[in-house]
Amino acid sequence: MRKLASLLVVALLSLGVLAGCGGGGSGNVKELTVEMGINGEMKFTPDVLEANKGDTLKITLVNKDPNVAHNFLIPAFNVNSGQVPPGQTATIEVKVTQSGEHDIICDVPGHREAGMVAKLVVN
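Mapping of the sequence shown onto mature numbering (1 follows the signal peptide of the UniProt record, and there is no 0): residues -19 to -1, 1 to 104, in sequence order.
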(Lines of atoms letter the chains of each structure in order from A and count residues from 1; the text may use other names and numbers.)
(Lines give C-alpha, C1' and ligand atoms only; values in the text may rest on other atoms or scores of the structure.)
Protein backbone atom coordinates (compact mmCIF):
# COMPACT_ATOMS: atom_id res chain seq x y z
CA MET A 1 0.00 0.00 0.00
CA ARG A 2 2.83 2.38 0.85
CA LYS A 3 4.45 1.65 -2.49
CA LEU A 4 1.23 2.57 -4.31
CA ALA A 5 0.90 5.79 -2.30
CA SER A 6 4.53 6.71 -3.09
CA LEU A 7 3.99 6.09 -6.80
CA LEU A 8 0.84 8.20 -6.74
CA VAL A 9 2.70 11.11 -5.10
CA VAL A 10 5.52 10.90 -7.67
CA ALA A 11 3.01 10.78 -10.53
CA LEU A 12 1.12 13.84 -9.25
CA LEU A 13 4.33 15.81 -8.74
CA SER A 14 5.47 14.91 -12.27
CA LEU A 15 2.17 16.15 -13.71
CA GLY A 16 2.57 19.44 -11.86
CA VAL A 17 6.06 19.94 -13.28
CA LEU A 18 4.93 19.09 -16.81
CA ALA A 19 1.95 21.45 -16.58
CA GLY A 20 4.33 24.30 -15.76
CA CYS A 21 6.24 23.63 -18.99
CA GLY A 22 3.32 24.12 -21.38
CA GLY A 23 2.56 27.05 -23.64
CA GLY A 24 5.86 27.33 -25.51
CA GLY A 25 5.87 27.97 -29.23
CA SER A 26 3.17 30.62 -29.24
CA GLY A 27 5.72 33.44 -29.59
CA ASN A 28 6.62 36.28 -27.30
CA VAL A 29 4.85 39.50 -26.43
CA LYS A 30 7.05 42.38 -27.56
CA GLU A 31 6.23 45.89 -26.34
CA LEU A 32 7.18 48.78 -28.62
CA THR A 33 6.63 52.53 -28.70
CA VAL A 34 6.23 54.42 -31.97
CA GLU A 35 6.17 58.21 -32.03
CA MET A 36 4.28 59.95 -34.82
CA GLY A 37 4.70 63.47 -36.15
CA ILE A 38 7.60 64.61 -33.94
CA ASN A 39 7.99 68.39 -34.41
CA GLY A 40 5.25 68.28 -37.03
CA GLU A 41 7.29 66.02 -39.34
CA MET A 42 5.45 63.39 -41.36
CA LYS A 43 7.27 60.32 -40.07
CA PHE A 44 7.18 57.40 -37.67
CA THR A 45 10.01 56.99 -35.16
CA PRO A 46 11.43 54.38 -35.32
CA ASP A 47 10.77 53.73 -38.99
CA VAL A 48 11.72 50.04 -38.84
CA LEU A 49 10.12 47.60 -36.38
CA GLU A 50 11.45 44.05 -36.01
CA ALA A 51 9.71 40.91 -34.79
CA ASN A 52 9.78 37.16 -35.12
CA LYS A 53 7.00 35.18 -36.74
CA GLY A 54 4.57 34.17 -33.98
CA ASP A 55 5.26 37.21 -31.79
CA THR A 56 2.48 39.42 -30.51
CA LEU A 57 3.37 43.10 -30.77
CA LYS A 58 1.90 45.51 -28.26
CA ILE A 59 2.55 48.90 -29.84
CA THR A 60 2.00 52.16 -28.00
CA LEU A 61 1.47 54.98 -30.48
CA VAL A 62 2.35 58.48 -29.30
CA ASN A 63 1.19 61.38 -31.47
CA LYS A 64 3.80 64.09 -30.87
CA ASP A 65 2.27 66.37 -33.50
CA PRO A 66 0.69 69.36 -31.71
CA ASN A 67 -1.83 70.05 -34.48
CA VAL A 68 -2.59 67.01 -36.64
CA ALA A 69 -4.14 63.58 -36.05
CA HIS A 70 -2.33 60.53 -37.44
CA ASN A 71 -3.05 56.83 -37.73
CA PHE A 72 -1.02 53.63 -37.98
CA LEU A 73 -1.89 50.90 -40.46
CA ILE A 74 -0.25 47.57 -41.24
CA PRO A 75 -2.36 46.41 -44.21
CA ALA A 76 -0.79 42.91 -44.34
CA PHE A 77 -2.23 42.20 -40.88
CA ASN A 78 -5.45 44.23 -41.19
CA VAL A 79 -4.26 46.57 -38.41
CA ASN A 80 -5.70 50.09 -38.20
CA SER A 81 -5.23 52.19 -35.07
CA GLY A 82 -7.89 54.68 -36.06
CA GLN A 83 -7.19 58.39 -35.65
CA VAL A 84 -4.84 59.32 -32.80
CA PRO A 85 -5.54 62.99 -31.93
CA PRO A 86 -2.70 65.50 -31.42
CA GLY A 87 -0.86 64.88 -28.16
CA GLN A 88 -2.72 61.61 -27.47
CA THR A 89 -1.68 57.96 -27.30
CA ALA A 90 -3.23 54.68 -28.40
CA THR A 91 -2.22 51.05 -27.99
CA ILE A 92 -2.72 48.30 -30.53
CA GLU A 93 -1.85 44.61 -30.57
CA VAL A 94 -0.99 42.51 -33.59
CA LYS A 95 -0.15 38.82 -33.90
CA VAL A 96 2.69 38.52 -36.42
CA THR A 97 1.85 35.57 -38.67
CA GLN A 98 3.80 36.24 -41.89
CA SER A 99 7.54 36.56 -42.44
CA GLY A 100 8.95 39.30 -44.66
CA GLU A 101 8.86 43.09 -44.91
CA HIS A 102 5.47 44.71 -44.40
CA ASP A 103 4.47 48.32 -45.02
CA ILE A 104 3.32 50.58 -42.21
CA ILE A 105 1.51 53.73 -43.31
CA CYS A 106 -0.47 56.71 -42.13
CA ASP A 107 -3.39 57.00 -44.54
CA VAL A 108 -4.55 60.46 -43.51
CA PRO A 109 -4.76 62.22 -46.92
CA GLY A 110 -1.32 63.41 -48.00
CA HIS A 111 0.62 61.90 -45.09
CA ARG A 112 1.85 58.75 -46.84
CA GLU A 113 2.89 60.81 -49.84
CA ALA A 114 4.79 63.17 -47.49
CA GLY A 115 6.85 60.23 -46.19
CA MET A 116 4.83 58.92 -43.26
CA VAL A 117 5.77 55.29 -43.90
CA ALA A 118 7.71 52.61 -42.03
CA LYS A 119 8.49 48.88 -42.25
CA LEU A 120 7.75 45.86 -40.10
CA VAL A 121 10.47 43.25 -40.66
CA VAL A 122 9.43 39.76 -39.56
CA ASN A 123 12.06 37.01 -39.31
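We put the CB at the ideal spot given by N, CA and C, even for glycine.
Limits of the unbroken beta strand (DSSP E) element including GLY81: 81 to 86
Would ASN52 be called buried (16 or more neighbouring beta carbons within 10 Å of its own) or exposed? buried
DSSP-derived helix/strand/coil call for ASN20: helix
State the Cα-Cα distance for the pair ILE73 and LYS11, rounded to the nearest angstrom. 12 Å
So, is VAL15 buried or exposed, given that buried needs 16 or more other C-beta atoms within 10 angstroms? buried
Could you check the C-alpha separation between VAL75 and LEU13 for me, to the nearest Å? 11 Å
Beta-carbon proximity check, ASP84 vs LYS100, cutoff 8 Å: yes
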